[in-house]
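Mapping the sequence shown onto the working numbering, position 102 (from 1) lands on 202, and the numbers just tick up by one.
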Amino acid sequence: MSAAVQQKPQLMVKLNVVKGPHAGQVFQLSKSQISIGRGPENDVVLLNDPQVSRAHAQLVLVDRDFEIVNLSKKNAVFVNGENVDRWKLVNQETFIVGDSEFKLEYDLGQAVASVPAKKMAQVVPIKVQAAAAPKNQALVRPNQMPTGAPKMQRPIGPAPRVQANVNSQARTVKPSLLKNSRVRFYGIIGLVLAGFLFFMMSPGKSNSQKAKSILKYEDEIDIKLNSKTEKELVDKREELVKSKESPQKQRADENFIKGMRDFQLGNYSRAMDFFQVVLNLQADHALARRHLYLAKVRFDELIQAKLMLGDSYYKKHNFSMCESMYRQVLDMLGDKKTDDPKFKLAESKTKECRLAAEGIR
Numbered sequence: 101m102s103a104a105v106q107q108k109p110q111l112m113v114k115l116n117v118v119k120g121p122h123a124g125q126v127f128q129l130s131k132s133q134i135s136i137g138r139g140p141e142n143d144v145v146l147l148n149d150p151q152v153s154r155a156h157a158q159l160v161l162v163d164r165d166f167e168i169v170n171l172s173k174k175n176a177v178f179v180n181g182e183n184v185d186r187w188k189l190v191n192q193e194t195f196i197v198g199d200s201e202f203k204l205e206y207d208l209g210q211a212v213a214s215v216p217a218k219k220m221a222q223v224v225p226i227k228v229q230a231a232a233a234p235k236n237q238a239l240v241r242p243n244q245m246p247t248g249a250p251k252m253q254r255p256i257g258p259a260p261r262v263q264a265n266v267n268s269q270a271r272t273v274k275p276s277l278l279k280n281s282r283v284r285f286y287g288i289i290g291l292v293l294a295g296f297l298f299f300m301m302s303p304g305k306s307n308s309q310k311a312k313s314i315l316k317y318e319d320e321i322d323i324k325l326n327s328k329t330e331k332e333l334v335d336k337r338e339e340l341v342k343s344k345e346s347p348q349k350q351r352a353d354e355n356f357i358k359g360m361r362d363f364q365l366g367n368y369s370r371a372m373d374f375f376q377v378v379l380n381l382q383a384d385h386a387l388a389r390r391h392l393y394l395a396k397v398r399f400d401e402l403i404q405a406k407l408m409l410g411d412s413y414y415k416k417h418n419f420s421m422c423e424s425m426y427r428q429v430l431d432m433l434g435d436k437k438t439d440d441p442k443f444k445l446a447e448s449k450t451k452e453c454r455l456a457a458e459g460i461r
């Protein structure tokens, strides 16, 4: 049989960033599965969006329609103002990932593809069942004697009287057993109660009790206030009240609020500066110390991601984007970290990408 002809979709996907840190960027792809995230391994990379996870969402083509799937457990995906885990999108529809709003446009197109011919159905022979037993054969019940066996005659005599005597003896035995079990049960309960009363009435119990305090309530209060531990607690409380009202504490709170604002916006370099000021003013500020550590980790991850993205652009011969990524690394590190190996690497790679763009390699 010859192969049949069927229409096969030829995919073209276009993602426009309408709002957010990457507004104006356009991503054109021809894949049935598109990954969106902050990591450089994704198809759509959103480095400047702090609310996007490393692997945030995925677009999947299902039955000539795209479905968006949320891959992140921390950050959400919104479609028409609703938080969704999986949603079917139509053409020209918008969705939000992090702080970036996308507009989806796709064209499936048409192409010719061959489909293998259908297989012919095979004829399976029907098995012949075994012959049934003849209907006229007699059915023998398990409790029924065969027809040819001789029947047993019932004995003539005083057999029923013996059976009646046995039943009467069984009836007399049961009440006696019940009476014995009840006696045992009540006997056990009595022993337990007697042991409990003996333990409670023993003279050692009263002797072991502690003597009641002879001091008055006012005397106990005076002793507690004059103790060293109570004085230390009172002094600590007074110091805490004074520290909350001090201008140094107010400055620390103001800088911490500024640092948290920059941390949430993704300005990790400025956030680290504010958190360091808070620690200089108040060394025991636990939240400032923790967010300083988190800001350093996020900043290093962002630098490493931009370096990897610049290297991937260089391998794809996209030298303008390569130079842009490495210049962003230089701007983020600034002039204070010229001795940093990452700063030197970004500086050398920037020159290399510029020369490659001019045709000098």
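Here a beta-carbon is modelled for each residue, glycine too, at the ideal position from N, C-alpha and C.
For Asp165, three-class secondary structure by DSSP: On the sequence shown, residue 165 is found 65 positions in, with the first residue counted as 1. Shown here, Asp165 sits in a strand according to DSSP, grouped into three states.
How long is the line joining the alpha carbons of Arg427 and Val397, rounded to whole angstroms? Walking along the sequence shown from the start, residue 427 turns up at place 327. Walking along the sequence shown from the start, residue 397 turns up at place 297. Arg427 and Val397 have their C-alpha atoms some 21 Å from each other.
In three-state terms, what does DSSP make of Ala123? For this step, residue 123 is matched to residue 23 along the sequence shown. DSSP places Ala123 in coil when its eight states are reduced to three.
Buried or exposed by the 16-neighbour rule on C-beta atoms within 10 Å, applied to Gln158: Working through the sequence shown from its first residue, we reach residue 158 at position 58. Around the beta-carbon of Gln158, 16 or more other beta-carbon atoms lie within 10 Å, marking it buried.
Would you say the stretch 375-383 touches the stretch 404-414, given that touching needs at least three Cβ pairs under 8 Å? In short, these stretches do not touch, since the Cβ pair count stays below three.
With burial defined as no fewer than 16 other Cβ atoms inside 10 Å of the residue's Cβ, what is the status of Val177: buried or exposed? On the sequence shown, residue 177 is found 77 positions in, with the first residue counted as 1. Buried.
Pull up the distance between the alpha-carbon of Ile136 and that of Glu338, whole angstroms please. Within the sequence shown, residue 136 is the residue found at index 36, counting from 1. Within the sequence shown, residue 338 is the residue found at index 238, counting from 1. Rounded to whole angstroms, Ile136 and Glu338 show a C-alpha spacing of 54 Å.
Quick one: is the Cβ of Glu182 within less than 6 Å of any heavy atom of the ligand FMN? What this structure holds is no ligand at all, so the ligand FMN is not there to describe.
Since Leu111 and Tyr206 should fall inside the 8 Å C-beta cutoff, what is the C-beta to C-beta distance between them, to a whole number of angstroms? In the sequence shown, the residue the question calls residue 111 occupies position 11. In the sequence shown, the residue the question calls residue 206 occupies position 106. Sure, about 7 Å apart at Cβ, within 8 Å.
In or out: Thr438 buried (at least 16 other Cβ within 10 Å) or exposed? The residue given as residue 438 occupies position 338 in the sequence shown. Thr438 is exposed by the Cβ-count criterion.
Would you identify the three-state DSSP class for Ser135, choosing helix, strand or coil? Taking the sequence shown and counting its residues from 1, the one referred to as residue 135 is at position 35. If DSSP states are grouped into helix, strand and coil, Ser135 belongs with the strands.
Near Arg351, which residues of its chain fall below 7 Å by C-beta distance, leaving aside the five closest residues on each side in sequence? Taking the sequence shown and counting its residues from 1, the one referred to as residue 351 is at position 251. Apart from sequence neighbours up to five positions away, the residues of its chain that approach Arg351 with a beta-carbon distance below 7 Å are Leu381, ordered along the chain.
Reduced DSSP secondary structure (H/G/I, E/B, other) of Asp353: Locating residue 353 in the sequence shown gives position 253, counting from the first residue. Helix.
Given that a residue counts as buried once 16 or more other Cβ atoms are within 10 Å of its Cβ, and exposed if not, what is Ser448? Here residue 448 refers to the residue found at position 348 when the sequence shown is read from its first residue. It counts as exposed.
Looking at the strands, I want to know which residues DSSP matches up with Asp384. Counting from 1 along the sequence shown, the entry for residue 384 is found at position 284. In the DSSP output, where bridge partners are listed per residue, Asp384 has none listed.
Cross-strand partners of Lys203 (DSSP beta bridge): The residue you call residue 203 lines up with position 103 of the sequence shown. Asn116, Thr194, per the DSSP bridge assignment.
Looking only at its chain, what residues have a beta carbon closer than 6 Å to the beta carbon of Lys119, apart from the 5 residues adjacent to it on each side? Here residue 119 corresponds to residue number 19 of the sequence shown, with the count starting at 1. Here the set comprises Glu201.
Tell whether a beta-carbon distance below 7 Å holds between Arg454 and Glu423. The sequence position of residue 454 within the sequence shown is 354, counting from 1. The sequence position of residue 423 within the sequence shown is 323, counting from 1. Yes, Cβ-Cβ distance for Arg454 and Glu423 is below 7 Å.
Neighbourhood of Tyr368 by C-beta distance below 8 Å, restricted to the same chain and skipping five residues each side: Along the sequence shown, one-based indexing puts residue 368 at 268. The beta carbon of Tyr368 sits closer than 8 Å to the beta carbons of Asp362, Ala395, Lys396, Arg398, Phe399, Leu402 from its chain, once the five residues preceding and following it are set aside; these are given in chain order.
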